[in-house]
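In full-length UniProt numbering, the protein residues as written are 1 to 267.
Cβ atoms here follow ideal geometry from the backbone N, Cα and C, with glycine treated the same way.
All of these numbers come straight from a predicted model, not from anything done at the bench.
Step one of this worksheet: look at the structure below.
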């Protein structure tokens with residue numbers, strides 16, 4: 001990314017967070033950057049394109065932090081707790097920016113946005129899936145998808161609490177607390193020997209019906225062949241999810257809808 005492009009994005013993020021997207025003009029952005037409108041349009045065709053670029057920039061910035069933690073010489077449990085804390089901390093710092101996006105709903109839902117949302121959804125699933133497997137091993141395999149959904153739900157609840165300006169909470173304690181509750185979930189599921197609600201094979205059949213997911217995986221990700229199972233949909237699922245070492249669930253559709261409703265009530 002060129003320096004001027006980064007400047008435009010970072011300045012736009014500040015203005016969008018303080019004034020809102022609709023109230024911020026391209027002229028205000030270029031004035032704040034000290035550039036001409038012509039220079040702006042060399043990088044972005046419109047304010048809407050810039051808006052999507054701010055989301056990608058913010059997402060990738062956090063993603064890079066998560067990758068840095070992934071490279072550290074830590075036990076899987078310590079690594080997961082640190083990654084959760086990193087996410088929560090960054091969200092707390094930029095919650096005005098996030099609330100603005102949820103409240104104004106300014107991004108048009110086109111194919112480009114849909115692809116970006118799908119990318120985040122896939123990477124979020126892969127993050128939890130890989131982290132849980134690294135921490136708990138093969139004993140959680142029968143319940144892995146159920147665990148992913150439950151852990152995502154727990155984290156999303158605390159995420160919403162942080163964004164909606166709840167009283168300050170100790171983020172390190174929250175991360176450790178969540179991990180202990182996951183321990184409880186794992187112990188309970190393994191001891192119960194109950195039939196899981198979800199199976200990877202069934203999820204694979206569902207996911208691989210999506211042409212968008214197939215397209216995303218072909219364009220963005222390259223994965224080695226998996227020897228675990230010869231079932232075609234299982235293999236495709238693992239190619240999509242198994243080796244993506246990144247995360248974040250910031251703008252998932254569920255959180256976006258929840259925030260949109262609650263922010264409107266707060267107005």
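Counting the other CB atoms within 10 Å of its CB gives residue 128 a total of 16 or more, which places it among the buried residues.
For residue 53 and residue 9, the gap between their C-alpha atoms comes out near 7 Å.
Note that the region 75-87 touches the region 168-175; at least 3 beta-carbon pairs, one per stretch, sit closer than 8 Å.
Looking from the CA of residue 182, the closest CA among 162, 143, 197 and 199 belongs to 143. Annotation: the region 9-53 contains the following complete segments of the alpha helix (DSSP H) (minimum length 4 residues), in chain order: 26-33 and 37-43. With a cutoff of 7 Å on beta-carbon distance, residue 30 and residue 44 are scored as not near each other. Annotated as proximal: residue 77 and residue 135, with beta-carbon spacing under 7 Å. In chain order, 12 and 44 place their CB closer than 6 Å to the CB of residue 50, counting only its own chain and leaving out the 5 sequence neighbours on each side.
Distances from the CA of residue 7 to each of 112, 24, 32 and 22 were compared; the closest alpha carbon is that of 32. For residue 118, the enclosing alpha helix (DSSP H) stretches over residues 111-136. Here the C-alpha atom of residue 94 lies approximately 12 Å from the C-alpha atom of residue 16.
Judged by their CB atoms, residue 179 and residue 145 are not nearer to each other than the 7 Å cut-off.
Under the criterion of beta carbons closer than 8 Å, residue 63 and residue 162 do not qualify as touching, at roughly 19 Å. The residues 30, in chain order, have a CB closer than 7 Å to that of residue 36 in the same chain once the five nearest residues on each side in sequence are set aside. Note on residue 110: under 16 other CB atoms within 10 angstroms of its CB, so exposed under the neighbour-count rule.
Secondary structure of residue 172 (DSSP, three-state): helix. When the Cα atoms are used, residue 80 and residue 131 turn out to be separated by approximately 6 Å.
In this structure, residue 188 keeps its C-beta atom at 7 Å or more from the C-beta atom of residue 100. For residue 197, no alpha helix (DSSP H) run applies, since DSSP gives it neither H nor E. Contact check for residue 186 and residue 148: beta-carbon distance about 12 Å, past the 8 Å limit, so the pair fails to qualify. When C-alpha distances from residue 116 are compared across 57, 74, 98 and 157, the shortest belongs to 57.
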